[in-house]
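In terms of the working numbering, the sequence shown is residues 685 to 871.
Read the structure below first, then the notes.
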Amino acid sequence: RDRMALVFRTRTVAGAVGISDQLVFTRMGQMTSSKLAVRVIGIDVSKNWLDFTVMEENQVLMYKRIENNLISVKSFFKELKGCKGYQLSTTLVCMEHTGIYNNYLLRHLSQINANVCLESGLHIKQSSGLKRGKNDKVDSQRIALYAYKNCKEIKLWQPKRNLLTRLHHLNALRNRLLNVLKQLKTP
(Lines of atoms letter the chains of each structure in order from A and count residues from 1; the text may use other names and numbers.)
(Lines give C-alpha, C1' and ligand atoms only; values in the text may rest on other atoms or scores of the structure.)
Protein backbone atom coordinates (compact mmCIF):
# COMPACT_ATOMS: atom_id res chain seq x y z
CA ARG A 1 0.00 0.00 0.00
CA ASP A 2 2.94 2.35 0.67
CA ARG A 3 4.09 1.90 -2.90
CA MET A 4 0.70 2.95 -4.18
CA ALA A 5 0.75 6.38 -2.56
CA LEU A 6 -1.04 9.00 -4.58
CA VAL A 7 1.02 11.26 -6.79
CA PHE A 8 0.23 14.88 -6.15
CA ARG A 9 2.85 16.72 -8.18
CA THR A 10 5.21 15.89 -11.02
CA ARG A 11 8.00 18.01 -12.45
CA THR A 12 10.27 17.50 -15.41
CA VAL A 13 13.96 17.38 -14.60
CA ALA A 14 16.47 18.31 -17.28
CA GLY A 15 19.79 16.71 -16.43
CA ALA A 16 23.18 18.20 -17.19
CA VAL A 17 23.60 15.69 -20.01
CA GLY A 18 20.31 16.65 -21.63
CA ILE A 19 18.44 13.58 -20.39
CA SER A 20 15.05 14.35 -18.94
CA ASP A 21 13.44 12.33 -16.18
CA GLN A 22 10.59 13.11 -13.86
CA LEU A 23 10.63 13.86 -10.19
CA VAL A 24 7.56 12.36 -8.67
CA PHE A 25 6.49 13.39 -5.21
CA THR A 26 4.30 10.96 -3.34
CA ARG A 27 1.82 11.79 -0.63
CA MET A 28 4.55 11.20 1.94
CA GLY A 29 6.76 13.77 0.19
CA GLN A 30 9.39 11.27 -0.90
CA MET A 31 11.38 11.72 -4.09
CA THR A 32 11.02 8.70 -6.37
CA SER A 33 13.01 8.79 -9.57
CA SER A 34 16.15 7.26 -11.01
CA LYS A 35 17.74 10.69 -11.49
CA LEU A 36 16.62 12.70 -8.50
CA ALA A 37 18.38 15.94 -7.86
CA VAL A 38 20.93 17.44 -10.21
CA ARG A 39 22.08 19.94 -7.59
CA VAL A 40 22.10 19.77 -3.82
CA ILE A 41 22.38 22.69 -1.42
CA GLY A 42 23.52 21.89 2.11
CA ILE A 43 22.83 24.57 4.69
CA ASP A 44 24.29 24.85 8.17
CA VAL A 45 21.90 27.03 10.19
CA SER A 46 22.90 29.00 13.26
CA LYS A 47 21.45 31.98 15.11
CA ASN A 48 23.38 34.63 13.17
CA TRP A 49 24.67 32.87 10.03
CA LEU A 50 23.64 30.55 7.22
CA ASP A 51 26.42 28.60 5.50
CA PHE A 52 25.53 27.32 2.02
CA THR A 53 27.37 24.64 0.06
CA VAL A 54 26.15 23.98 -3.47
CA MET A 55 27.11 20.56 -4.87
CA GLU A 56 26.61 18.89 -8.21
CA GLU A 57 27.67 15.33 -8.97
CA ASN A 58 29.55 15.10 -5.64
CA GLN A 59 31.62 18.23 -6.50
CA VAL A 60 31.45 21.44 -4.47
CA LEU A 61 30.50 24.28 -6.82
CA MET A 62 30.12 27.09 -4.35
CA TYR A 63 30.33 28.01 -0.68
CA LYS A 64 28.83 31.17 0.77
CA ARG A 65 28.10 32.51 4.25
CA ILE A 66 25.25 34.98 4.72
CA GLU A 67 23.43 36.56 7.64
CA ASN A 68 20.36 34.76 8.94
CA ASN A 69 17.68 37.23 7.86
CA LEU A 70 15.03 37.32 5.15
CA ILE A 71 16.74 39.97 2.99
CA SER A 72 20.01 38.01 2.82
CA VAL A 73 18.18 34.75 2.04
CA LYS A 74 16.24 36.35 -0.81
CA SER A 75 19.36 37.94 -2.28
CA PHE A 76 21.26 34.63 -2.11
CA PHE A 77 18.59 32.76 -4.06
CA LYS A 78 18.37 35.64 -6.54
CA GLU A 79 22.14 35.35 -7.03
CA LEU A 80 21.82 31.57 -7.37
CA LYS A 81 19.23 32.02 -10.15
CA GLY A 82 21.89 33.84 -12.17
CA CYS A 83 24.27 30.86 -12.03
CA LYS A 84 24.67 28.85 -15.22
CA GLY A 85 22.53 25.71 -15.31
CA TYR A 86 20.64 26.40 -12.08
CA GLN A 87 17.04 25.24 -11.96
CA LEU A 88 15.03 25.25 -8.77
CA SER A 89 13.03 22.21 -9.83
CA THR A 90 16.18 20.05 -9.99
CA THR A 91 17.69 21.31 -6.75
CA LEU A 92 17.31 19.69 -3.34
CA VAL A 93 17.85 21.98 -0.34
CA CYS A 94 18.84 20.13 2.85
CA MET A 95 19.40 21.51 6.35
CA GLU A 96 19.38 20.47 9.99
CA HIS A 97 16.31 21.17 12.03
CA THR A 98 17.39 23.93 14.44
CA GLY A 99 14.03 25.24 15.60
CA ILE A 100 13.30 28.93 15.20
CA TYR A 101 16.59 29.71 13.43
CA ASN A 102 15.24 28.05 10.26
CA ASN A 103 12.16 30.27 10.04
CA TYR A 104 13.34 32.95 7.57
CA LEU A 105 14.87 30.37 5.29
CA LEU A 106 11.91 27.98 5.39
CA ARG A 107 9.45 30.80 4.77
CA HIS A 108 11.30 31.88 1.64
CA LEU A 109 11.84 28.32 0.39
CA SER A 110 8.14 27.52 0.73
CA GLN A 111 7.24 30.71 -1.15
CA ILE A 112 9.45 29.76 -4.11
CA ASN A 113 8.27 26.11 -4.04
CA ALA A 114 11.70 24.59 -3.42
CA ASN A 115 12.36 20.91 -2.67
CA VAL A 116 13.32 21.11 1.01
CA CYS A 117 14.56 18.42 3.35
CA LEU A 118 14.66 19.08 7.09
CA GLU A 119 16.74 16.44 8.87
CA SER A 120 17.82 15.79 12.43
CA GLY A 121 21.40 16.85 13.10
CA LEU A 122 22.06 13.57 14.90
CA HIS A 123 20.85 11.57 11.88
CA ILE A 124 23.18 13.46 9.53
CA LYS A 125 26.10 13.06 11.94
CA GLN A 126 25.53 9.32 12.36
CA SER A 127 25.20 8.73 8.62
CA SER A 128 28.64 10.21 7.91
CA GLY A 129 30.43 8.12 10.52
CA LEU A 130 33.17 9.36 12.81
CA LYS A 131 34.70 12.50 11.29
CA ARG A 132 37.20 14.94 12.72
CA GLY A 133 37.03 18.68 12.33
CA LYS A 134 33.97 20.80 12.85
CA ASN A 135 33.18 24.26 11.63
CA ASP A 136 30.26 25.79 9.76
CA LYS A 137 31.79 25.35 6.31
CA VAL A 138 32.57 21.67 6.88
CA ASP A 139 29.11 21.11 8.39
CA SER A 140 27.36 22.58 5.34
CA GLN A 141 29.48 20.35 3.08
CA ARG A 142 28.59 17.27 5.14
CA ILE A 143 24.89 18.16 4.98
CA ALA A 144 25.10 18.56 1.19
CA LEU A 145 26.97 15.25 0.87
CA TYR A 146 24.36 13.55 3.08
CA ALA A 147 21.56 14.86 0.84
CA TYR A 148 23.38 13.79 -2.32
CA LYS A 149 24.04 10.26 -1.06
CA ASN A 150 20.59 9.70 0.46
CA CYS A 151 18.34 11.57 -1.96
CA LYS A 152 16.23 8.45 -2.66
CA GLU A 153 15.31 7.97 1.00
CA ILE A 154 14.91 11.64 1.92
CA LYS A 155 11.43 12.82 2.79
CA LEU A 156 10.60 16.31 1.61
CA TRP A 157 9.48 18.90 4.12
CA GLN A 158 5.92 20.13 3.81
CA PRO A 159 5.08 23.50 5.43
CA LYS A 160 2.43 23.53 8.12
CA ARG A 161 -0.91 24.98 7.18
CA ASN A 162 -1.29 28.64 8.13
CA LEU A 163 -4.15 27.80 10.50
CA LEU A 164 -2.00 25.33 12.47
CA THR A 165 0.88 27.81 12.67
CA ARG A 166 -1.45 30.53 13.94
CA LEU A 167 -2.96 28.18 16.54
CA HIS A 168 0.53 27.22 17.70
CA HIS A 169 1.48 30.89 18.17
CA LEU A 170 -1.78 31.67 19.98
CA ASN A 171 -1.29 28.70 22.31
CA ALA A 172 2.27 29.82 23.11
CA LEU A 173 0.98 33.35 23.84
CA ARG A 174 -1.73 31.92 26.12
CA ASN A 175 0.86 29.91 28.06
CA ARG A 176 3.08 32.97 28.51
CA LEU A 177 0.14 35.08 29.71
CA LEU A 178 -0.93 32.37 32.17
CA ASN A 179 2.62 32.29 33.58
CA VAL A 180 2.60 36.08 34.01
CA LEU A 181 -0.80 35.92 35.72
CA LYS A 182 0.49 33.22 38.06
CA GLN A 183 3.55 35.34 38.90
CA LEU A 184 1.40 38.37 39.62
CA LYS A 185 -0.82 36.40 42.02
CA THR A 186 2.13 34.99 43.94
CA PRO A 187 3.30 37.41 46.69
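A virtual CB, placed ideally from N, CA and C, is assigned to each residue, including glycine.
Keep in mind it's a predicted model, so treat the numbers as computed, not measured.
- Shortest Cα-Cα distance from GLU751 to any of LYS765, VAL738, ILE725, LEU734 involves LEU734.
- THR775: member of the beta strand (DSSP E) spanning 775–780, first to last residue.
- TYR747 sits in a strand when the DSSP states are folded into three classes.
- Take LEU793, set aside five residues on each side of it, and the residues of its chain with a beta-carbon closer than 7 angstroms to its own are VAL777, VAL800, in chain order.
- For LEU789 and THR870, the gap between their C-alpha atoms comes out near 41 angstroms.
- The DSSP assignment places complete beta strand (DSSP E) segments of no fewer than 3 residues inside the segment 754–807 at 775–780, 799–803, in order along the chain.
- GLU837 counts as exposed, since fewer than 16 other C-beta atoms from the protein chains shown sit within 10 angstroms of its C-beta.
- The C-alpha of GLN771 lies about 7 angstroms from the C-alpha of LYS765.
- It is roughly 12 angstroms from the alpha-carbon of PHE736 to the alpha-carbon of GLU780.
- With the rule of 3 Cβ pairs closer than 8 angstroms, the segment 820–831 counts as touching the segment 739–751.
- If you ignore the 5 residues before and after PRO843, its C-beta comes within less than 6 angstroms of the C-beta of SER794, all in its own chain and listed in chain order.
- For THR782, the closest of ARG845, VAL729, LEU868, LEU854 by C-alpha to C-alpha distance is VAL729.
- In the three-state scheme derived from DSSP, where H, G and I count as helix and E and B as strand, ILE838 is classed as coil.
- By the 16-neighbour rule on beta-carbons within 10 angstroms, LEU802 is buried.
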